[in-house]
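Going by the numbering used here, the sequence shown opens with residue 1083, and the numbers climb by one from there.
C-beta atoms are modelled at their ideal positions from N, C-alpha and C, and glycine is treated no differently.
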Amino acid sequence: MLAPITLINNWKNEAEIWAPNLKIDVISAETLKDTTRLVRAFETNNMVMCPYSLSTSLKNKLSESNIKIDLLICDEAHKLRKKNSQVNSTVRQLNASSRWLITGTPMERDEDDIISILKILSPEKTFGKGASSVWRAKHTRLGTQDPPHLISTEK
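Next up, the structure:
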C-alpha cells in the first residue's frame, strides 16, 4: 500500500483492528537501505505499507530484487492525477498484478487527469482523447451508473 506519510499509521491501526491476523510492515528509509530486510518484508508479511515520499526508492529496490506486488493499493489517489509527476510515473512502473486506487476527492478536473488515472490502473493500454468516456461506456452495466469495479458515493 502506498499512502501519504501522514496516513500510514492510521492505515496500520485500522488494519490491526479490522484484520488482526494480517502481518503488516511499514517501509521506512532505513528498510530501503537494507535490501535483505526489504525482501524479507515482502516475503513474510501480508501487507506492506510505504509512504509516497519513498515510492521511487521502493520501486528501484523492488526492480533490483525482482519482487512483484500482488495487489498495489494507493490511497489519496487523486494525488496521482498529474501524468508528468514523479509519483505518477513511479506508481505506473511498479510491477503489480492488480491495482486499487482509493480517494474521497473527485479526480475529474479534465480528461487528461482521467487518462492519467486510467494509465495507472492499466499501464499496458494506450488511451487517447475521448478515452475516459469510451472506457466508462464500455465498462458501465445497463441500469447502473458506475462501472462494476468503481465505487462512488454522493454527498
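Check your understanding: What beta strand (DSSP E) runs, 3 residues minimum, are completely inside the segment 1116-1173?
Key -> Runs of the beta strand (DSSP E) inside the segment 1116-1173: 1129-1133 and 1151-1156.
Review point. Do three or more CB pairs link the segment 1182-1202 to the segment 1093-1110 at distances below 8 Å?
Key: Here the segment 1182-1202 does not lie against the segment 1093-1110, with fewer than 3 beta-carbon pairs under 8 Å apart.
Check your understanding: Quick one: any contact between the segment 1110-1120 and the segment 1154-1164, if contact means 3 or more CB pairs under 8 Å?
Key -> no
Exercise for review: Leaving aside the five residues before and after residue 1135 along the sequence, list all residues of the same chain whose C-beta is less than 7 Å from its C-beta, in chain order.
Suggested key: The count along the sequence shown starts at 1 and reaches residue 1135 at position 53. 1087, listed in sequence order.
Practice item. Determine the closest residue to residue 1142 out of 1182, 1115, 1160 and 1192, with distance taken between C-alpha atoms. Key: Against the sequence shown, residue 1142 aligns to sequence position 60. Comparing Cα positions, the closest option is 1115.
Practice item. Apply the 10 Å Cβ neighbour rule to residue 1225 and answer buried if 16 or more other Cβ atoms are within range, or exposed otherwise. Key: Stepping through the sequence shown from its first residue, residue 1225 is reached at position 143. Caution applies to residue 1225, whose pLDDT of 48 falls short of 50 and renders its modelled position unreliable; the model cannot decide the point.
**Study point:** Contact test: residue 1140 Cβ vs the ligand MN heavy atom, cutoff 6 Å
**Key:** No copy of the ligand MN occurs in the structure displayed, which carries no ligand at all.
Review point. Whole-angstrom Cβ separation of residue 1172 and residue 1138, contact assumed at under 8 Å?
Key: In the sequence shown, residue 1172 corresponds to position 90, counting from 1. In the sequence shown, residue 1138 corresponds to position 56, counting from 1. That belief holds up - the Cβ atoms of residue 1172 and residue 1138 are roughly 5 Å apart, short of 8 Å.
Exercise for review: Reducing DSSP to helix, strand and coil, say where residue 1109 ends up.
Suggested key: Translated into positions along the sequence shown, residue 1109 becomes position 27. Correct three-state label for residue 1109: coil.
Practice item. Assign residue 1180 to one of three DSSP states: helix, strand, or coil. Key: Position 98 of the sequence shown, counted from the first residue, corresponds to residue 1180. The answer is strand: DSSP assigns residue 1180 an E or B state.
Check your understanding: Which one of 1146, 1107, 1152 and 1147 has the shortest CA to CA distance from residue 1130?
Key -> Here residue 1130 refers to the residue found at position 48 when the sequence shown is read from its first residue. The shortest C-alpha separation from residue 1130 is found at 1107.
Exercise for review: On the DSSP bridge assignment, give the partners of residue 1101 in chain order.
Suggested key: As a working mapping, residue 1101 is identified with position 19 in the sequence shown. Partner(s): none; residue 1101 has no beta bridge.
Practice item. Please classify residue 1110: is it buried, with 16 or more other beta-carbons within 10 angstroms of its beta-carbon, or exposed? Key: What you label residue 1110 is simply residue 28 of the sequence shown in a count that begins at 1. Residue 1110 comes out exposed.
Check your understanding: Under a Cβ-count criterion, where at least 16 other Cβ atoms within 10 Å of its own Cβ denotes burial, should residue 1208 be classed as buried or exposed?
Key -> By 1-based counting over the sequence shown, the position of residue 1208 is 126. That one is exposed.
Review point. Taking buried to mean at least 16 other C-beta atoms within 10 Å of its own C-beta, is residue 1201 buried or exposed?
Key: Here the question's residue 1201 lines up with position 119 in the sequence shown. Classification of residue 1201: buried, given that the 10 Å Cβ count is 16 or more.
Review point. Are the CB atoms of residue 1132 and residue 1140 nearer to each other than 7 Å?
Key: Position 50 of the sequence shown holds residue 1132. Position 58 of the sequence shown holds residue 1140. Yes, they are a contact pair.
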